[in-house]
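Peer 1: Residue numbers (our numbering): 6 to 159.
Positions of the beta carbon are idealized from the N, C-alpha and C atoms, including for glycine.
Computed from a predicted structure; not experimentally measured.
Sharing a structure, written as structure tokens. Questions coming.
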């Protein structure tokens with residue numbers, strides 16, 4: 006399986022594909038091949054749904070700076086690194102069905118972000134400055150929030 010993933014990533018790098026599908030691969034760690042050398046500077050969409058990821062690399066934004074869509078649905082992610090706030094082109098971020106308890110405020114600073122999915126996590130609250138009017142128009146949190154969610158977000 007590991008060699009198949011490396012091959013898929015290598016082909017994506019060589020042929021400068023804009024989309025990379027790594028769904029259903031039983032990944033426990035973010036593939037280092039994605040972050041090797043200059044990373045995948047041309048990659049715009051990364052699909053890593055239904056794996057077993059628990060963390061994201063701190064240098065994600067540095068190695069994948071042109072991400073527009075990042076799908077991490079149905080993993081075991083507990084924490085999203087602050088560096089995610091450096092993905093300035095990110096428009097869609099799906100973190101639903103993970104193990105998030107908090108959301109880093111840096112996500113609130115993503116000006117291009119239009120779709121944020123946080124359903125089915127263990128979120129207790131959102132940062133107070135997270136619920137700007139822009140964010141509240143696309144924030145999808147459904148029923149996993151506790152009573153401490155700022156009213157202007159709900």
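Identify the residues that DSSP records as bridge partners of residue 120: which are they?
Peer 2: 97
Peer 1: Taking only the alpha-carbon atoms, compute the straight-line gap between residue 39 and residue 69 and give it to the nearest angstrom.
Peer 2: 8 Å
Peer 1: Using only alpha-carbon positions, find the residue among 95, 66 and 37 that is nearest to residue 118.
Peer 2: When 95, 66 and 37 are compared, the shortest CA-CA separation from residue 118 is found for 95.
Peer 1: What does residue 24 pair with, by DSSP beta-bridge criteria?
Peer 2: According to DSSP, which records beta bridges pairwise, residue 24 is partnered with 50.
Peer 1: Exposed or buried, which one is residue 36 when buried takes at least 16 other CB atoms within 10 Å?
Peer 2: buried
Peer 1: Output the distance between the C-alpha atoms of residue 115 and residue 79, rounded to the nearest integer angstrom.
Peer 2: 22 Å
Peer 1: Return the bridge partner residues of residue 76 from the DSSP annotation.
Peer 2: Partner(s): 52 and 99.
Peer 1: On the criterion of 16 or more Cβ atoms from any shown chain inside 10 Å, does residue 121 qualify as buried, or is it exposed?
Peer 2: buried
Peer 1: Give the secondary structure of residue 63 by DSSP, where H, G and I count as helix, E and B as strand, and everything else as coil.
Peer 2: coil
Peer 1: Taking the Cβ atom as the reference point for each residue, do residue 75 and residue 51 lie within a distance shorter than 8 Å?
Peer 2: In this structure, residue 75 lies near residue 51, with their beta-carbon atoms less than 8 Å apart.
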